[in-house]
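Scroll down for the structure; my scribbles are underneath it.
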Amino acid sequence: MKPFFIYNTLSRSVEKFLPQHPPEVSLYSCGPTVYLPQHLGNLRAYLCWDFLRRALEYNGYTVRHVINVTDVGHMTSDQDAGEDKIEKTAREQHKSPLEVADFYLKLFQDDLAAIHVEPPLVWCRATEHIDAMIELIERIIAAGMAYVTPSGVYFDVEKYRGENRAGRLSRQSLDEQNAAQRLEHSADKKSPHDFALWVLAQPHHLMQWDSPWGRGYPGWHIECSAMSMKYLGETIDIHTGGMDHIPIHHENEIAQSESATHHPFVRYFVHNAFLTGKEGAKISKSAGKFPLLSDVIAMGIDPLAFRIFCMGAKYRSELALSDDGLRAAQSNLDYFREFARSIPAGAVSNSSDAEFSCEYRERFLDALNNDLNTPQALAVALELVAEAYRRGDYNIWNTLGAFDRVLGLGLAETQTAAANSAIPVEIQALIDARTAARKSRDFKRADQLRADLEARGYEVKDNRDGTTVYQLRHA
Ligand code: AMP
Ligand code: ZN
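Position in the sequence shown counted from 1, then plus 1, gives you our numbering.
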């Protein structure tokens, strides 16, 4: 088994991936806040983690993937200030918070299905895990790392200063963080760095639960710690999120989790870079206007071309959205599909691929295992198809089918649909006549029939398992 390497934000270096309990891998991805549609930048994030998950599975790992859904507690500012995002939309749209969350979660899941992001093992909603959050907050208080005030329970960041503690992920000291951000804070907080674990005394807040400290609702960060521990244990192999989560959300997740458990919260923190808009800025919901998958579809571009477009950049590199880039991705998708359509059903079960495909298999795996180099892996898959055309030897289906477990383009379905409808009756009659001629050793007639088929755009190849028929590309 070749080792898999991935960049770990904790060490700021590419590391050999060693899960705690191979072949199992626990993977937690910070999920969406479901108060608006998820834009193409958000979709890029989940595509990155889908490539990661599929690459690990390609390597023989079994991945337990969990994604949370933030349906309470995420304020309009990441530092506890402002209004709850879901409640803001609920007020604006005259809906209940639950209706808002259900509506935007369904939109998001439909988009993910269209771009072939595998559903996680568990989707966990914050509002359904309040007990787990309360339990974890109690542990943090018992460890002496949080304090209760009339306005809420706060994590005591000052107590978390020290070697390998606050600022470990962002590599920023608390004082630097303070200088960089103007933190709004309640008079009850001992320090502006302290963040809310549980919010109290907000009677206008629509979503409230009883707790040992009074009626209130959880802070945003605690949900990820509580739910990841519930489903994946106290130490996760891989935790993912966008780079925007490094300085606040993930710092806070580490601080509160490790204060409660006293063991490492995450072994590999992996962060994706942003999709930027046409003006070069990060696509974000707060900008007010943001591109959606439906805009891509309205351009006549297939959702899976957006998948290919994202595959064309490394997860750690910024990617600029462009119409030309999307069109180029569409033509790559068409290229793969055209090839898949030209493969006959019989070729799928043929276990022996052309010898030249071996080298491509090596290169594809090397690309994936080198810090998830998806642009390289994509290039290898395209080159393989090009070489099959160049040689006129299309026996690469097993290899391409295996690659598609990571590419996720559904090429097997494309091929099956085409094979089921592709061969017209008169062509099938010629094929059957040729098979009969060969059986009766009438090779002259068999050759005539082969030429006839070729003239009609079908190529026949005889192999150990019988005869396979390929529809010629430009027939
Ligand atoms: P949110 O719903 O804003 O919490 O975002 C959900 C996920 O999408 C988070 O992991 C963000 O880091 C990520 N994300 C947000 N904007 C972008 C972007 N423009 N490009 C890539 N990822 C993003
Ligand atoms: Zn999170």
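Built from N, CA and C at the ideal position, the CB exists for glycine as well.
- The chain-ordered list of residues whose CB is nearer than 5 Å to some heavy atom of the ligand ZN reads CYS31, CYS225.
- Listed in chain order, the alpha helix (DSSP H) runs fully inside the segment 140–212 are 175–181, counting runs of at least 4 residues.
- In this structure, TYR36 is the residue among SER14, TYR36, TYR390 with its C-alpha nearest to the C-alpha of GLU100.
- When only Cα atoms are considered, MET300 and GLY313 end up about 19 Å apart.
- With respect to LEU410, PHE337 sits close: the two C-beta atoms are nearer than 9 Å.
- If you draw a straight line from the Cα of ASP103 to the Cα of SER12, it comes to about 38 Å.
- Apart from sequence neighbours up to five positions away, the residues of its chain that approach ALA321 with a beta-carbon distance below 6 Å are THR277, ordered along the chain.
- Of all C-beta pairs linking the segment 323–339 to the segment 16–31, fewer than three are shorter than 8 Å, placing the two stretches out of contact.
- Per the C-alpha coordinates, the member of ILE223, ILE239, GLU280, GLY242 positioned closest to ASN253 is ILE223.
- For VAL64, there is no enclosing alpha helix (DSSP H); the enclosing beta strand (DSSP E) has its first and last residue at 63–70.
- Scanning its chain for C-beta atoms nearer than 7 Å, with the 5 sequence neighbours on each side dropped, one finds around PHE109 the residues PRO33, VAL35, GLN39, in chain order.
- Shown here, PRO98 sits in a helix according to DSSP, grouped into three states.
- For TYR232, the secondary structure class from DSSP, reduced to helix, strand or coil, is helix.
- For ASP372 against ILE7, the beta-carbon gap comes to about 6 Å, under 8 Å, which counts as contact.
- When beta bridges are read from the DSSP output, ASN273 appears opposite GLY243.
- If the five residues before and after ARG439 are omitted, its C-beta is found closer than 6 Å to the C-beta atoms of ALA447, all from its own chain and listed in chain order.
- Across the structure, ILE309 and TYR316 are spaced so that their CA atoms are roughly 13 Å apart.
- Annotated three-state conformation of HIS251 is helix, per DSSP.
- In terms of CA proximity to LEU122, VAL26 leads the group VAL26, GLU129, TRP214.
- Using a Cβ-Cβ distance cut-off of 8 Å, the segment 194–211 and the segment 224–232 are not in contact, since fewer than three pairs of beta carbons, one from each stretch, lie closer than that value.
- Proximity of the beta carbon of HIS75 to the ligand AMP is indicated: a heavy atom of the ligand is located closer than 8 Å.
- The residues VAL73, PRO98, TYR218, in chain order, have a CB closer than 6 Å to that of MET208 in the same chain once the five nearest residues on each side in sequence are set aside.
- Here LEU28 is near THR241, since their CB atoms are less than 9 Å apart.
- Linking ALA368 to LEU170 through their CA atoms gives a straight-line distance of about 27 Å.
- Under DSSP, MET76 takes part in a beta bridge, and its partners are ASP85.
- Pairing GLU139 with PRO120, the inter-Cα distance amounts to about 32 Å.
- PHE270 places its beta carbon 9 Å or farther from that of THR71.
- A Cβ-Cβ distance of about 5 Å is found for the pair ARG54 and VAL64, placing them in contact under the 8 Å criterion.
- Here LYS17 is bridged, per DSSP, to PHE6.
- Separation of PRO151 and LEU48 (C-alpha to C-alpha, rounded to the nearest whole angstrom) is 42 Å.
- SER295: member of the alpha helix (DSSP H) spanning 294–299, first to last residue.
- A distance below 7 Å between beta-carbons, with the five flanking residues on each side excluded, links TYR105 to the following residues of its chain, in chain order: VAL35, TYR36, LEU37, PRO38.
- A direct Cα-to-Cα measurement between SER192 and SER287 gives close to 27 Å.
- Residue pairing from DSSP places ASN371 in a beta bridge opposite PHE6.
- By the neighbour-count definition (other C-beta atoms within 10 Å, threshold 16), PRO20 is a buried residue.
- The beta carbon of ILE284 sits closer than 8 Å to at least one heavy atom of the ligand AMP.
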